[in-house]
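Data block below; observations after.
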Amino acid sequence: MVVLVVAGTDAGELLATDLRALLGGLADVELASGADEAMRTAESVLAADGYIPLALVDLDSSAQRGSDVVAALHQHPRLRTTRTVLVASRASLHDVDEALRLGSVNGMIIRPWTELGLGSLIEAQLATYIVECAPHRLEEFGALLDDADIAAARERIDQQRAAPAIDATDPHPLLGEPMDDDEMTRRLVELLDRCLGHPARIRVSPGTIMIEEGEDVGGIYVVIEGRVRLTSHTQAGRKVMHEESTGAIVGLLSLASRRRALMRCRAVTDVRAIPITLDQLARALTVEPEFGGLLTRILITSLARRLRRSQELQLELDESLAALSEARAQLVASARFTALGEMAAGMAHELNNPTAALMRSIDHLADDVLEVVDDPVVAEAVRGRLDAPTITSSERRALRRDIAEAVGDRALADRLVASGVTNAVEARALADAGDDELGRLEAATRLAETIRNISGVADRVQSLVGSLRGYLRGNDGRGDIHADVDVATGLDDALRMVSHRLDRVDVRRRYEPAPTIAARPGALQQVWSNLLVNALDAMNDEGRLSIRVAPEGAAVRVEIADTGPGVPPEIESRIFEPRFTTKDGRVQFGLGLGLSISRQIVEEHHGTIGVESRPGHTVFTVVLPTEQA
323 MVVLVVAGTD
333 AGELLATDLR
343 ALLGGLADVE
353 LASGADEAMR
363 TAESVLAADG
373 YIPLALVDLD
383 SSAQRGSDVV
393 AALHQHPRLR
403 TTRTVLVASR
413 ASLHDVDEAL
423 RLGSVNGMII
433 RPWTELGLGS
443 LIEAQLATYI
453 VECAPHRLEE
463 FGALLDDADI
473 AAARERIDQQ
483 RAAPAIDATD
493 PHPLLGEPMD
503 DDEMTRRLVE
513 LLDRCLGHPA
523 RIRVSPGTIM
533 IEEGEDVGGI
543 YVVIEGRVRL
553 TSHTQAGRKV
563 MHEESTGAIV
573 GLLSLASRRR
583 ALMRCRAVTD
593 VRAIPITLDQ
603 LARALTVEPE
613 FGGLLTRILI
623 TSLARRLRRS
633 QELQLELDES
643 LAALSEARAQ
653 LVASARFTAL
663 GEMAAGMAHE
673 LNNPTAALMR
683 SIDHLADDVL
693 EVVDDPVVAE
703 AVRGRLDAPT
713 ITSSERRALR
723 RDIAEAVGDR
733 ALADRLVASG
743 VTNAVEARAL
753 ADAGDDELGR
763 LEAATRLAET
773 IRNISGVADR
783 VQSLVGSLRG
793 YLRGNDGRGD
803 IHADVDVATG
813 LDDALRMVSH
823 RLDRVDVRRR
833 YEPAPTIAAR
843 PGALQQVWSN
853 LLVNALDAMN
863 DEGRLSIRVA
873 PEGAAVRVEI
883 ADTGPGVPPE
893 IESRIFEPRF
903 TTKDGRVQFG
913 LGLGLSISRQ
923 IVEEHHGTIG
933 VESRPGHTVF
943 TVVLPTEQA
């Protein structure tokens with residue numbers, strides 16, 4: 323399968339690069355500079371038993387006019403089913419108009435395009451090609467197109483087939499029997515000759531202004547041969563409004579505007595025309611009834627074409643504006659995330675230094691305390707408390723019972739256990755030594771506990787700073803690809819970032835031995851954070867959160883499940899759409915971009931992301947290859 327790009331070198335290479343990234347190796351992308359080279363490339367592909375489902379024609383940079391390229395492709399018998407997309411920015415309207423007139427243009431995208439907009443267009447065109455022309459090749463497109471793409475294409479085609487055909491040459495009570503342009507022109511000339519005694523024919527060379535915008539109109543022109551162009555002066559300069567060939571009647575609409583020309587009419591080619599004055603026009607309408615009907619027919623046909631082309635261009639403009647709006651929303655979100663990232667990076671940097679200093683001070687503090695304590699019992703108590711392992715509640719209750727039996731006093735046993743006493747012999751000795759000795763031991767224990775608590779807090783802060791810096795690696799997620807990213811470590815870092823929300827959440831981790839992957843660490847951290855936050859939001863920070871990591875062939879599979887109410891079936895297919903959110907106004911950052919951005923990041927890593935949901939169980943699954951193509 324080959325996707326053909328017809329464009330100049332620089333623009334073509336940029337477009338080809340974006341297409342290769344979108345297609346992911348599914349198809350080859352061939353570049354041609356014009357119609358001739360495009361046809362040679364197509365013949366080579368077809369000779370090798372290949373096929374071309376899609377061609378993109380750049381109207382601004384190809385060596386030949388875009389309409390010529392489209393015509394050449396459309397005239398080839400084996401390329402008539404190829405989907406053709408125009409690429410334009412400042413292209414002249416007449417070139418777009420001429421290409422659209424051929425009836426073989428299936429879409430348009432305006433430069434600069436967004437990755438999302440280009441991807442959506444390509445998927446829609448390929449899906450339509452598969453459904454319409456090559457259903458037997460459906461499996462070949464499975465890596466790019468999903469069931470939703472195919473279903474949408476079938477729906478569009480069914481709607482088109484069900485809709486009544488709109489054609490200005492169809493039989494109609496107003497238009498009568500169908501007639502093509504040449505036939506209508508021939509009949510109009512016959513009537514003029516009959517009514518006016520063969521009026522004069524004139525020849526106009528290319529570039530000649532036949533009617534000037536704003537000037538008085540003394541009559542009309544009936545174009546017999548050649549092509550004329552209608553332009554209008556705007557704030558942005560002179561713009562092409564329309565272009566017509568044989569059969570055009572120029573100036574009639576201007577007569578309806580108090581005889582002031584609405585547009586400039588210039589000959590594009592050698593033009594042969596019949597000038598008709600107002601008196602001659604009135605005589606023909608009076609003498610020959612058929613003339614008025616035919617004149618009306620020509621005008622309606624021309625206006626219908628202009629309207630249809632205007633609608634097509636308007637649709638393309640609407641799509642472009644929608645893509646721009648979407649891109650703007652993503653840019654706003656990206657800017658917000660970038661600003662937050664820069665702020666967080668600054669905070670992490672500022673916290674790192676004092677935290678490290680605090681850790682060093684704590685180590686020195688413990689040594690200094692032990693050095694100044696004269697009482698060996700107190701020193702040993704401090705040292706033992708600093709190094710003592712953490713015991714469970716049940717272990718503490720059992721120890722308290724043993725000490726109480728040894729000293730015969732439950733309240734005293736509580737004080738002794740709190741002071742770090744762990745055996746009956748030591749407990750009886752302290753009980754016999756008196757309250758002063760026990761008081762010094764309690765003070766030493768409290769001092770050791772304070773040092774230990776400070777150390778624990780500092781260690782916690784240092785761990786959070788480390789996780790935050792790991793999260794921010796790569797800034798906004800577009801950093802360099804690392805070949806040794808450990809998925810489990812990234813998930814643990816993301817969990818630490820939301821640890822303040824886990825008090826009432828049962829977190830269950832199941833990390834099977836899995837290989838590292840090639841990825842952008844910062845980007846993946848954003849994915850894990852988005853999925854974890856969504857799960858916690860769904861459960862209102864209360865429930866069970868299950869995280870599983872497992873190898874899957876040449877990939878790593880990550881599952882994040884929650885016990886929330888689930889995703890309603892009617893919206894499950896839309897949750898990855900940009901700006902789609904189920905969060906109400908009480909949620910500060912309910913932009914509807916988290917899952918969309920997550921999908922984009924995963925797909926940039928050539929992975930997949932999906933969701934399965936039912937009440938009480940929702941699981942998001944991410945599969946990432948171990949190596950990037």
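Numbering (the working numbering), first residue to last: 323 to 951.
Note that the Cβ used here is the ideal one computed from N, Cα and C, for glycine as well.
Residue i versus residue j: straight-line alpha-carbon distance, rounded
{"i": "Arg-476", "j": "Ala-360", "result": "30 Å"}
{"i": "Gly-540", "j": "Arg-582", "result": "9 Å"}
{"i": "Met-681", "j": "Ala-770", "result": "15 Å"}
{"i": "His-928", "j": "Leu-353", "result": "24 Å"}
{"i": "Thr-922", "j": "Leu-443", "result": "One detail in the question is off: residue 922 reads as Gln in this sequence, not Thr. Roughly 16 Å separates the two Cα atoms."}
{"i": "Ala-446", "j": "Asp-471", "result": "7 Å"}
{"i": "Glu-437", "j": "Leu-466", "result": "15 Å"}
{"i": "Arg-586", "j": "Gly-346", "result": "49 Å"}
{"i": "Ala-720", "j": "Glu-727", "result": "11 Å"}
{"i": "Thr-885", "j": "Leu-858", "result": "9 Å"}
{"i": "Val-550", "j": "Gly-614", "result": "23 Å"}
{"i": "Val-820", "j": "Val-880", "result": "18 Å"}
{"i": "Leu-854", "j": "Ile-882", "result": "7 Å"}
{"i": "Leu-763", "j": "Ala-755", "result": "11 Å"}
{"i": "Leu-607", "j": "Ala-369", "result": "59 Å"}
{"i": "Leu-376", "j": "Val-878", "result": "33 Å"}
{"i": "Asp-808", "j": "Gln-397", "result": "54 Å"}
{"i": "Ser-918", "j": "Gly-464", "result": "21 Å"}
{"i": "Ala-604", "j": "Pro-611", "result": "11 Å"}
{"i": "Arg-588", "j": "His-458", "result": "50 Å"}
{"i": "Arg-722", "j": "Ala-860", "result": "43 Å"}
{"i": "Asp-358", "j": "Pro-399", "result": "16 Å"}
{"i": "Asp-503", "j": "Met-430", "result": "27 Å"}
{"i": "Ala-626", "j": "Thr-618", "result": "12 Å"}
Nearest neighbour of residue i, chosen from the options [CA to CA]
{"i": "Ile-527", "options": "Trp-850, Leu-760, Gly-548", "result": "In the sequence as displayed, the identity of residue 527 is Ser instead of Ile. Measuring from the Cα of Ser-527, the nearest candidate turns out to be Gly-548."}
{"i": "Arg-508", "options": "Gln-397, Ala-678, Ile-620, Asp-332", "result": "Ile-620"}
{"i": "Leu-381", "options": "Ala-410, Arg-586, Glu-365", "result": "Ala-410"}
{"i": "Ser-355", "options": "Ile-431, Ala-364, Ile-374", "result": "Ala-364"}
{"i": "Asp-757", "options": "Ala-746, Ala-735, Asn-745, Thr-772", "result": "Ala-735"}
{"i": "Glu-534", "options": "Arg-516, Pro-521, Ser-554", "result": "Ser-554"}
{"i": "His-520", "options": "Val-807, Gln-602, Leu-629", "result": "Gln-602"}
{"i": "Glu-874", "options": "Thr-838, Ile-431, Ala-606", "result": "Thr-838"}
{"i": "Tyr-451", "options": "Thr-406, Pro-434, Pro-611", "result": "Thr-406"}
{"i": "Pro-434", "options": "Ala-765, Thr-767, Asp-340", "result": "Asp-340"}
{"i": "Pro-887", "options": "Arg-866, Arg-870, Glu-899", "result": "Arg-866"}
{"i": "Ser-741", "options": "Ser-716, Glu-717, Val-729, Arg-768", "result": "Arg-768"}
Cβ shell of residue i (< 8 Å), same chain only, five flanking positions each side left out
{"i": "Glu-934", "result": "Thr-940, Val-941, Thr-943"}
{"i": "Arg-523", "result": "Ile-546, Arg-594, Ala-595, Ile-596"}
{"i": "Leu-337", "result": "Val-327, Ala-329, Leu-378, Asp-380, Val-409"}
{"i": "Asp-511", "result": "Checking the sequence shown, residue 511 turns out to be Val, not Asp. Taken in chain order, the residues that qualify are Val-544, Ile-546, Ile-596."}
{"i": "Val-924", "result": "Val-849, Thr-930, Ile-931, Val-944, Leu-946"}
{"i": "Asp-731", "result": "Ala-753"}
{"i": "Arg-427", "result": "Checking the sequence, you will find Val at residue 427 rather than Arg. Correct list, in chain order: Val-392, Thr-406, Val-407, Leu-408, Ala-421."}
{"i": "Gly-573", "result": "Ile-533, Val-539, Gly-541, Ile-542, Tyr-543, Ala-583, Cys-587"}
Chain-order list of residues whose beta-carbon lies under 6 Å from that of residue i (same chain, five-residue window excluded)
{"i": "Val-783", "result": "Thr-677"}
{"i": "Gly-334", "result": "Val-327, Leu-353"}
{"i": "Leu-760", "result": "Leu-752"}
{"i": "Thr-403", "result": "Cys-455"}
{"i": "Leu-846", "result": "Gly-812"}
{"i": "Gly-525", "result": "Checking the displayed sequence, the identity of residue 525 turns out to be Arg instead of Gly. Result list for Arg-525: Arg-594, in chain order."}
7 Å Cβ shell around residue i - same chain, five flanking residues per side excluded
{"i": "Ala-349", "result": "Met-323, Val-324, Val-325"}
{"i": "Ser-725", "result": "Checking the sequence, you will find Ile at residue 725 rather than Ser. Ala-735, Leu-738, Val-739, Val-743, Ala-746, Ala-749, listed in sequence order."}
{"i": "Leu-401", "result": "Ala-364, Ile-374, Leu-395"}
{"i": "Arg-823", "result": "Leu-858, Asp-863"}
{"i": "Leu-687", "result": "Ile-773"}
{"i": "Leu-344", "result": "Leu-440, Gly-441, Ile-444"}
{"i": "Cys-517", "result": "Arg-605, Ala-606, Val-609, Glu-610, Phe-613"}
{"i": "Asp-390", "result": "Ala-357"}
heavy atom of the ligand GDP below 8 Å from residue i C-beta
{"i": "Met-532", "result": "The ligand GDP is absent from the structure shown, which contains no ligand whatsoever."}
C-beta neighbour in chain B for residue i, strict 9 Å
{"i": "Gly-346", "result": "Within the model displayed, chain B is absent; a lone protein chain is all it includes."}
Quick check: the stretch 933-945 against the stretch 816-833, are there 3 or more CB pairs under 8 Å? no
Per the contact definition of three or more C-beta pairs closer than 8 Å, is the stretch 805-823 in contact with the stretch 850-861? yes
I'd like the ranges of any beta strand (DSSP E) spanning at least 3 consecutive residues and lying wholly in the stretch 807-870. 827-833, 839-841
Could you name each continuous alpha helix (DSSP H) segment of 4 residues or more that falls completely within the stretch 360-412, going from the start of the chain to the end? 388-397
Which full runs of the alpha helix (DSSP H) of 4+ residues lie inside the stretch 586-628, going along the chain? If we require 4 residues or more, the alpha helix (DSSP H) runs fully inside the stretch 586-628 come out as 600-609.
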